[in-house]
Every structure is written in structure tokens, then in C-alpha cells.
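In the UniProt record's numbering, the protein residues as written are 1 to 330.
Each remark here refers to the structure printed beneath this line.
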Amino acid sequence: MAKIGDIDVGEFPLLLAPMEDVSDPPFRALCKEQGADVVYTEFISSEGLIRDAAKSVMKLDIYEKERPVGIQIFGANLESMLESVEIVEKSGPDIIDINFGCPVKKVVSKGAGAGILKDIDLMVSLTEAMVKHTKLPVTVKTRLGWDHDSIKIVEVAERLQDVGCKAISIHGRTRAQMYKGEADWKPIAEVKNNPRMHIPVFGNGDVDSPEKAAKMRDEFGLDGAMIGRASIGYPWFFREVKHYFETGKHLAPPTMGERLDAARRHLQMAIDWKGDRLGVFETRRHYTNYFKGIPHFKEHRMKMVTSDEAVDVFKAFDEAEKEFGDFQFS
Numbered sequence: 001m002a003k004i005g006d007i008d009v010g011e012f013p014l015l016l017a018p019m020e021d022v023s024d025p026p027f028r029a030l031c032k033e034q035g036a037d038v039v040y041t042e043f044i045s046s047e048g049l050i051r052d053a054a055k056s057v058m059k060l061d062i063y064e065k066e067r068p069v070g071i072q073i074f075g076a077n078l079e080s081m082l083e084s085v086e087i088v089e090k091s092g093p094d095i096i097d098i099n100f101g102c103p104v105k106k107v108v109s110k111g112a113g114a115g116i117l118k119d120i121d122l123m124v125s126l127t128e129a130m131v132k133h134t135k136l137p138v139t140v141k142t143r144l145g146w147d148h149d150s151i152k153i154v155e156v157a158e159r160l161q162d163v164g165c166k167a168i169s170i171h172g173r174t175r176a177q178m179y180k181g182e183a184d185w186k187p188i189a190e191v192k193n194n195p196r197m198h199i200p201v202f203g204n205g206d207v208d209s210p211e212k213a214a215k216m217r218d219e220f221g222l223d224g225a226m227i228g229r230a231s232i233g234y235p236w237f238f239r240e241v242k243h244y245f246e247t248g249k250h251l252a253p254p255t256m257g258e259r260l261d262a263a264r265r266h267l268q269m270a271i272d273w274k275g276d277r278l279g280v281f282e283t284r285r286h287y288t289n290y291f292k293g294i295p296h297f298k299e300h301r302m303k304m305v306t307s308d309e310a311v312d313v314f315k316a317f318d319e320a321e322k323e324f325g326d327f328q329f330s
């Protein structure tokens, strides 16, 4: 059984990765219902928090039904990170996660996210200071290294553990790779197989089928899988992996009724949480996967992703139900 500090997260837990404009409360709720063991917020700027920026503060919203839930923050300035920890604590998360892996240029250029992989000493000292500044378990999400020539993840993970990090999630790519090529899980397994490591080591990157999740568990021996892109517009991925673990067989895909119900609930929860305009806009990215595999569905999907008014999106759902309500997914 894996534990993050004193939090029991089960045997080979499935974690919903923190994703900007994706892992918000509505989507986290759907993933939790479908079997996600731990969920994380979108990553939050420490500088935004201490400036009381509305978008950053809004991301602190968490709900009891999500637990255990982690709030992820990023930054490279020690004082700002420590001050943001105090702000985060007031939201009552179970875990504080530090983002040392985001490869996006606007984050990296400030020395944050994956940018800190150029300065491992700072990465370790910042983690140590945050561990000492809170009673909550502090975890880290990172990448293999800055580029292929600077991969020292076994040493880095051990150093982070030694300063009090309670779990580490590792994406199997370098920052230089961004999201290109295949994720390499071998270095992550080397971290896990380091005899000095005793904290959970979670794998991330390219876990897009139940078989790959099983491979990460059985062949690479990791403690859990962090799921990112495979879950976007498809919260059922978590239940499908768990069914495969239990039976060795694939679960039947969700019906059209289940997909429409989830899409409607997702949109309504998003509107309730962030208002009509943002609610409509930020759920659009999910509709391709919600309704993937339906022939001649393009007209309905275009209405869903181009309509600016919620009433029109709900109407598009109704029209899709009338025409495709009996569609059988294989």
C-alpha cells in the first residue's frame, strides 16, 4: 500500500495529474467518481497567490468529495513560495505538491517549473524550506532532467527524499523533449529500485491504456501511475484501468447516455463554479474525447466547441442525443 505521509492512497493508486485549465473542480469531481485515488489542482503560480490574483486564488477551491486532494504550486523565489504555502494551507488540502516539471516557456523562463532542473541545488533547498514551513506532506512532480545529457533523476529523487519530500511523480521525458517522442520509464524504475528510496515513486507520461498502466506496475515496479492526457474528456479511464487490474479484461466503453450525462454535468458544474463565459469556454477541450469514435459527428462537435452561450451547447447535446442516442461504442 502506498502512503503519502500518513495518507493511505491504496495499492498502485491512480492519480489525476495537475493540468492547466483541465484539472479544475468539475473535472476532478468526475474523475474521482470514476476511480481516481488522488487528484491535483491545476498548477498555481506562487507569485499570483501572493499578489491575490483572481485566477490563482480561484484555483484554491477544493471540496470534501475530492479527498485526498493536492494543491500544486510553482515558482522559483523562496520567499514567494513560502508565503504561498501559508495561503494554500488555509484551503485545507491534504497535500502540497511542487511543480518542477512544467516545460512551458513562460514558466521555464522565470526559472520555475522544469526551469529549475538547471539548478538542482536550488530545487532541493526550496523543497527543504517548504517541508519545514508546513505540517502538510510535500510532494514533487518533475521530469527526468533538463535534457538527455543532464539526467540525474536517481540522485535528485534521493536528495529530495532526504530533505523531507513524501512522494515523487516523474514524467518520463526531459524538458527538451517537451511532449515529443515516447516517455522513458526506465530511469523512473531506477529511482524506485534505488535501495535508499522509501517514499512512493509514481510514473507519468504515455499511460494511455490499461495495459500500459499494468506494465508500469508489473514490469517497472512503480508505486502508482499519474494520468494526464488520457483522462481529458474521458474520466472513465480510471475505472477502466481498475477493471483491467481486477479482471485482466477490458471494460465496455461508456454508453452514449453516460457520455452525454457527463458532458452535461461537466458543463453545468463549470458554469456554477466559474460563470457562463469561462464555463463554456474551458469545457470545450473535452468534447472531442467525450464523443470520439462516432461517425459523422463533426457537425454536432463543431456546435459544441464554437457556441459561446451555454444554452446553445446544451441544445447541441440534446440534438446529438436524438440522432446518436442508440450508438454502440466498440
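Think of the CB as a built atom: it goes at the ideal place given N, C-alpha and C, for glycine as much as any other residue.
Proximal residues to residue i (C-beta, below 6 Å), its chain only, five neighbours per side dropped
i           : result
residue 128 : 163
residue 183 : 172, 173, 205, 206
residue 46  : 73, 75, 80, 81, 84
residue 220 : 185, 189
Nearest-angstrom Cα separation, counted from residue j out to residue i
i           : j           : result
residue 170 : residue 138 : 15 Å
residue 86  : residue 293 : 46 Å
residue 136 : residue 83  : 15 Å
residue 110 : residue 199 : 29 Å
residue 141 : residue 123 : 11 Å
residue 286 : residue 70  : 22 Å
residue 217 : residue 249 : 16 Å
Residue i, DSSP secondary structure in three states
i           : result
residue 286 : helix
residue 112 : coil
residue 88  : helix
residue 157 : helix
residue 169 : strand
residue 50  : helix
Cut-off 8 Å between Cβ atoms - residues of its own chain near residue i, not counting five sequence neighbours on either side
i           : result
residue 35  : 14, 238, 239, 241, 242
residue 271 : 279, 280, 310
Residue j beta carbon less than 8 Å from that of residue i
i           : j           : result
residue 231 : residue 31  : yes
residue 68  : residue 9   : yes
residue 108 : residue 175 : yes
residue 65  : residue 17  : no
residue 12  : residue 43  : no
residue 310 : residue 260 : no
residue 336 : residue 7   : Not covered by the structure: residue 336. The range shown for the chain is 1 to 330.
residue 153 : residue 144 : yes
residue 202 : residue 167 : yes
Residue interval of the alpha helix (DSSP H) (run including residue i)
i           : result
residue 247 : 237-247
residue 59  : Element bounds for residue 59: n/a, residue is neither H nor E.
residue 324 : 310-324
residue 328 : Residue 328 -> no alpha helix (DSSP H), and no H or E assigned at all.
residue 261 : 256-274
residue 95  : From DSSP, residue 95 is part of no alpha helix (DSSP H) but of the beta strand (DSSP E) over 95-100.
residue 27  : 25-33
residue 193 : 186-193
residue 121 : 120-133
N- and C-terminal bounds of the beta strand (DSSP E) containing residue i
i           : result
residue 143 : 138-143
residue 224 : 224-227
residue 72  : 69-74
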